[in-house]
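**Q**
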Amino acid sequence: MAVDIDDRDIFAAASVAQIHEALGQLHEHEASITQRLNALIASQKHLSRELGRLDLLRAHLGTQAVNTRAISNGMLSDAASTASRISSAVKRLDREQSNVKATLEVVEQVAELKACVLGVHGSMGAPQDWETAAGYLHRAAKIPDDVVNGSFADEIVPTAEVPDPPRVTLDAAAESLCGLFLREFEKAAQEGDGSKVTRFFKLFPLIGRTDVGLDAYGRYVCQGVASRARTNFNSAAPAQRNEPFFYGNTITKLFEHIAQIVDGHEPLVERHYGSGMMQKVIERLQIEADVQGGIVLDTWHEERHIDRKLTDIKSYAFSFLVQSFLPSQKPASGIPRSSSPANGAGRVSEDEGVDMKEIDGLLGEGALMLGRYALYARFLSDKCAPAEPEDRIDYGLVMPNFLATSNLHKKVNSHLIEPVNAMTTFFFRRSVEKAFQLDEAPADLTLNPTKPLGSNPPFITSAVDDVMYIVNQVIQRTLATSQRAVVSSVVPAVSHILGAEFIGMIQRKMRDESYPKPVIQGGLPPEDKVIAFLVLINNLDIANDYVKRIVSQQLGRHSQAGEEDTKSPLHDLFPFGHDAIFVENTLKAMEKSFASKSGDLLNDGITVLFSNVLKPRIRPILAEAFRDIKYDPEDGENEDEEEDDVDVVKSRFDRGWGVVIRPVKRILTSANFDRLLALGLNSLASSLEKRIKSYYGRVNELGAVRLERDVAGIITAATSGGAYSLRDAFQKSTQMTLILNMEDDEFAEVADDTSGESGIPWVLDAEERKRIFENSWPSTLDTTIEWRGWSNTTSNLDELEGPLMSMKPEELTFVITGDIEAMWLRDSANQLQAYVSVLKKDDSPDSLASLFRGAINLQARYILENAFCNAFQAPDESGVVHKSSLNSDRITPLFDYYKVFSCQWELDSLASFLQLSVDYVTATRDYDFFQNSSNWTKAVEVVLETAESMTIDSYTEDGEWQHTPYTYCAPYGGTPINNCNGSPHRGNIGLIRSFHRPSDDACTYQYLIPSNMMFSSALNTSSTITSRIMPRTSGLTARMQALSTAINRGIEKYGIVSDPTYGKIYAYEVDGYGSVNIMDDPNVPSLLSAPFLGYTTLRDPIYQNTRRKILSRDNPYYAVGPVITGVGSPHTLPGRPWPMALIMTILTSEDDTEIVQNLMWLVQSTDGLGLMHESVHARDKAVWSRQWFSWANGLFGQMILDLEKRRPWILGMSFQ
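Numbering-wise, this note's numbering puts 550 at position 564 of the sequence shown, and it's gapless, one number per residue.
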């Protein structure tokens, strides 16, 4: 972004001419100053005489000052001495007073200690009052150790009855009582005396033996758990153990008993031992649960013969499925021998020794045990969870370490999860195989509309209902386990089997058994083949609907309109961490995968059906409809027949169209029929256009009226009963007949209309392109200016003049980034950049310039408060309620979670602040705004300090590892290694480290070259502002220019690498040691945007090499597809280009073909919404992220304005 050079600043000159011009003005200015100085000296000849007089007066004044100082010292020295003595006396008095207080406190503590010692001795004597003795010990424990162990206590406390030092007496008493309490506790436990157990349990913490008490209590409750578990398990008869859910019920009783103990005993433990102490008892209970639960799982695994079952299912051959996908073999010629295997009747048992009912029973019992264990784990995790503030972001439960590392947890994984995963996958695949073995088609179907159908719709084969019933059962059982490991294994396996084998079997049948191929050339396919093909297409549609309903039911998408969204049931089943989100995404991925694969095959089937059944009959239908119809009749010709034949074309077409469509419609599902009809209407529209063209030159005025009426009749008949949008296919035909009916003057008005000014949305238009522009370019101002206002001040505006100007209230603009209510420094600057072309100087608070000034002021405030952060919450003046952004990320330096939304160190955020300032001053020349700003210059200084601090080397000069000023760790991904500092980097090489990319993803290597490019360019251009508003002696401008130059040299030395195919190119990230990351990201700054940032030019050979690599498949994130092709990002899934990258491709292109192609991709990737998304699936325009990405929309507007200047002829082209 170039800035106009001020005619008084040679340092901002960009050309030799500007340098000469600036030097000439400096010479003129120097001559003027010299002339003024000479005149001043000539007019002050008596200056030397006056200076001499001043020297004499100064000497006399010095003498008087010495005398005055002597008098002052003599008078004040005595007073100073007296004040010093008083101060010393007061200090001594304070010290004595504090010593007396300390002595009295020690005496009181020793007196308390003596009372406790005597009390303990007395209580342990004949009275044997254990509670009192424990109470005295508890009181003594509160006395400081230095007092108890001190010599004063050793002299005062001992008596004739208790001659030992107090520490010895107390320790001996505590040890004696501990042994006594322990014996009494164990005795009461053996006798089952609950009151005595409670009595002595409460005494342990009073004598400082908390661990002993908790350990004894843990043994006590574990004995009860072990006893009941053995009773439940061993009391069952052998026949009971063979019952389906015996082991599941047994382990359920174990978990319920432990839960009852924890719930019942927790109040007692917490009351006497303190908050959180129940966890130690729980840990002891878990050890017993490991033993008893392990016994149950080991026995289940052995007696249910799990290993044998796993061996059986692994060896199962799935012969039917395998043979179904093999190429069909031609029968051998000749008659086989009677004993030949070719005459075999096939195997008797399809299960080949695997009992499906037994597998189903094992899966049910395994799922039950896993579900019970999940409830047990959730219960213990909830009991052991630390208290969190209410406003803390909820990241779900965390399983305590003692449970996660327990033997029971390990056995659940090895004895339950692994077998359940394997058996479930087998069970589902075998069920699919069985369903197709027993598959039956609906009976008595016919294409004759006069005959009744012998089955009920939807017309599908039995395999669909059977398989989808099993899908629902498997998914429900899988979710009931509440185990992420089961979901992550089973659901993808189900998805794979559905996609590969369920859809594969239908595809094979469509191809090999039911393909509607004509028997003779030019004929129609046999009726039975067409019907079978229609049923198979229905299978795909109904199966897709089944899967959607199954997933929707499990996700809880059943809240009615008007009701508040209820919490998903998955959060109750999967409470740990982000498990619920993972499960939801896994189910959605299964749904999406099946929808994609079934949709592809369904579309292919519809295409085949159209091509072989419908398309061959469209042209004859139109030929019959228009048979013997003339559109150039003479006046009076056939006037009598006209009234009778008004709708002859429509009636003929309706009759012929109905013969073709109605037989198919009665069998297809409504969705499939709509798909087929859409294809048919597109073909019909094309044929109708050709028919209309065939009448050119043979239509007179009367015929044109009738042709328009006949075409309208055909359109009405063809779309009857369907959606009104189906008429869109006939827009061209309608407009063609419209033109045929126009007079010369009418046609002249619309002949050159490509903008719709005539009120007709011409299909040969640039209207779609314009609609996108109109929706996207203004969207930033319309929807992302969340708040505008003024900074708070309590000053009187009328009294603020001169140096106090900075205290006046300043404009503030809070710009959110599209669908996220926070202000990113980078995004807000880029969003406003789209309006620089219409920005003008305007002091009005309601102007566009005011929006820019408010954004600059607010960004400056944010940088002064938290320079390392990249996104912020609304300012206090806005009145917007702040929410805590606290999460599990560990970041230094610390920041206010109620002011900062995201604190990720991104160098381009600070560069964006500088660039926004440059954009404003370039368009408005309003340097006064920066001169009067209270924060802008301070913010620039902080920007420099922050950037310079991040040039640090990873090691000190003597080789010691050192932390960066900013560190970042995130537990759920994107964590820089090495204690949150990232990989080692060579420091002080000119480049600045950035922890995160513009996409908010963590950098692989922290010298992010595009961000350094942008920062260097922004420093250079924004230095023109400081050179105007700051004195040259401040050094700020020189500092900015020096840092900009250092970055350029660092990029040239470390940021350019050699590619074997493209030559020298810019690297995306480096570390200064030779490690590089070769890629690019769509988010600006990017390598692709280097000329756009003003860092280099389009003709830079290194940039051109880099650009060719970025826009090729040699870029690992370059995605290719029929919908959109371009650069993708690690921030989203692979295969999803970002429209922003295509826009930047256009902004940096001088090739019309490349520009037009990218514009076409942009237009067709909006999914009909008319707005730019964040990313779009390269092969499915309906799959995108972020419906409204404000940054990309603003950039799209910039692109349109850029093309209007550079290549206006492109905007006049059609992108339909």
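Virtual Cβ for every residue (Gly too), placed ideally from N, Cα, C. Remember, predicted model here, so these are calculated numbers, not experimental data.
Pick out the complete alpha helix (DSSP H) segments inside the region 954 to 988, 4 residues or longer, and give them in chain order.
**A** Taking only runs of at least 4 residues, the alpha helix (DSSP H) segments lying wholly in the region 954 to 988 are 963 to 966.
**Q** Quick check: the region 454 to 462 against the region 380 to 392, are at least 3 beta-carbon pairs closer than 8 Å?
**A** With a cut-off of 8 Å, the region 454 to 462 and the region 380 to 392 do not count as touching, because too few Cβ pairs lie within range.
**Q** Can you check the region 147 to 196 for any beta strand (DSSP E) of at least 3 residues that lies completely inside it and give the ranges in chain order?
**A** Counting whole runs of 3 or more residues, the region 147 to 196 contains no beta strand (DSSP E) stretch at all.
**Q** Quick one: is G666 buried, meaning 16 or more other Cβ sit within 10 Å of its Cβ, or exposed?
**A** Classification for G666: buried.
**Q** For L798, report the span of its beta strand (DSSP E) as first-last.
**A** Here the beta strand (DSSP E) through L798 covers E797 to V801.
**Q** On the three-state DSSP scale, how would you describe D813?
**A** Of the three classes helix, strand and coil, the one that applies to D813 here is helix, per DSSP.
**Q** Using the Cβ count rule (16 or more neighbours within 10 Å means buried), how would you classify P1087?
**A** Answer is exposed; the Cβ neighbour count stays below 16.
**Q** Where do the ends of the alpha helix (DSSP H) carrying A1223 lie?
**A** Residue 1223 lies beyond the range of the chain shown here (-13 to 1202); nothing can be said about it.
**Q** At which residues does the beta strand (DSSP E) containing E772 begin and terminate?
**A** It spans I771 to W776 - the beta strand (DSSP E) in which E772 sits, taken as one unbroken run.
**Q** Using only CA atoms, which one of G642, V635 and V886 lies nearest to I604?
**A** Checked all of G642, V635 and V886; the closest Cα to I604 is G642.
**Q** Answer with buried or exposed for S1176, where buried requires no fewer than 16 other C-beta atoms within 10 angstroms of its C-beta.
**A** S1176 is buried by the Cβ-count criterion.
**Q** Around the Cβ of D905, are there at least 16 other Cβ atoms within 10 angstroms (buried) or fewer (exposed)?
**A** D905 should be labelled buried.
**Q** Name the residue from L872, D1137, V1162 and R1093 whose alpha carbon lies nearest to the alpha carbon of V1106.
**A** Of the candidates L872, D1137, V1162 and R1093, the one whose C-alpha sits nearest the C-alpha of V1106 is V1162.
**Q** Have a look at the DSSP bridge pairing and note the partners of A857.
**A** Answer by DSSP bridge pairing, in chain order: W810 and S888.
**Q** Would you tell me roughly how many angstroms separate the C-alpha atoms of A28 and S18, rounded to the nearest one?
**A** Their backbone Cα atoms lie some 16 Å apart in a straight line.
**Q** If we ignore side chains and look at the alpha-carbon of each, how far apart do I1110 and V1070 end up?
**A** When rounded, the distance between both Cα atoms is 19 Å.
**Q** By a C-beta neighbour count over all protein chains shown, 10 Å radius and 16 as the cutoff for buried, is S74 buried or exposed?
**A** Exposed, by the Cβ-count rule.
**Q** Measure the alpha-carbon distance for R983 versus S1115 and round it to whole angstroms.
**A** R983 and S1115: Cα-Cα distance of roughly 11 Å.
**Q** What are the complete alpha helix (DSSP H) segments, minimum 4 residues, inside the region 199 to 240?
**A** Fully enclosed alpha helix (DSSP H) runs of 4 or longer: 224 to 227.
**Q** Touch check for the region 870 to 888 and the region 849 to 862: three-plus C-beta pairs under 8 Å?
**A** The region 870 to 888 vs the region 849 to 862: in contact.
**Q** Determine, using beta carbons only, whether G1041 and I995 come nearer to each other than 9 Å.
**A** Contact: yes.
**Q** Mark N965 as exposed unless 16 or more other C-beta atoms lie within 10 angstroms of its C-beta, in which case mark it buried.
**A** Exposed, by the Cβ-count rule.
**Q** In angstroms, rounded to a whole number, what distance separates the CA positions of S597 and I517?
**A** The straight-line gap from Cα to Cα measures roughly 15 Å.
**Q** Could you give the first and the last residue of the continuous alpha helix (DSSP H) run that contains I1129?
**A** Unbroken alpha helix (DSSP H) run through I1129: P1125 to L1133.
**Q** Can you check whether the CB of L587 is closer than 9 Å to the CB of I489?
**A** It is a contact, given that the beta carbons lie within the stated cut-off.
**Q** Buried or exposed, going by whether 16 or more other CB atoms sit within 10 Å of the CB of D894?
**A** Buried is the call here.
**Q** Given a cut-off of 9 Å, decide if E269 and G262 are closer than it, judged by their beta-carbon atoms.
**A** It is not a contact, given that the beta carbons lie outside the stated cut-off.
**Q** List the DSSP bridge partners of M876.
**A** Residue identity differs from the one stated: residue 876 is Arg in this sequence, not Met. C955, per the DSSP bridge assignment.
**Q** Does the Cβ of H6 have 16 or more other Cβ atoms within 10 Å, making it buried, or fewer, making it exposed?
**A** Counting Cβ neighbours within 10 Å, H6 comes out exposed, since fewer than 16 surround it.
**Q** Over what stretch of residues does the beta strand (DSSP E) that includes A1168 continue unbroken?
**A** Taken as a continuous stretch (DSSP letters only), the beta strand (DSSP E) holding A1168 covers D1166 to S1171.
**Q** Spatial neighbours of A1178 within its chain, please: C-beta separation below 6 Å, excluding the five flanking residues on both sides.
**A** Around A1178: P1125, M1126 and M1158.
**Q** Applying the 10 Å Cβ sphere with the 16-neighbour rule, what's the burial state of H949?
**A** Classification of H949: exposed, given that the 10 Å Cβ count is below 16.
**Q** Would you report the Cα separation of T932 and E404, rounded to the nearest angstrom?
**A** If you take the alpha carbons of T932 and E404, they lie about 52 Å apart.
**Q** Can you tell me where the alpha helix (DSSP H) holding H287 begins and where it ends?
**A** Its alpha helix (DSSP H) spans residues M264 to E289.
**Q** Does the region 568 to 585 come within contact of the region 467 to 478, defined as at least 3 CB pairs closer than 8 Å?
**A** Judged by Cβ distances under 8 Å, the region 568 to 585 makes contact with the region 467 to 478, as three or more pairs qualify.
**Q** Would N220 be called buried (16 or more neighbouring beta carbons within 10 Å of its own) or exposed?
**A** Classification for N220: exposed.
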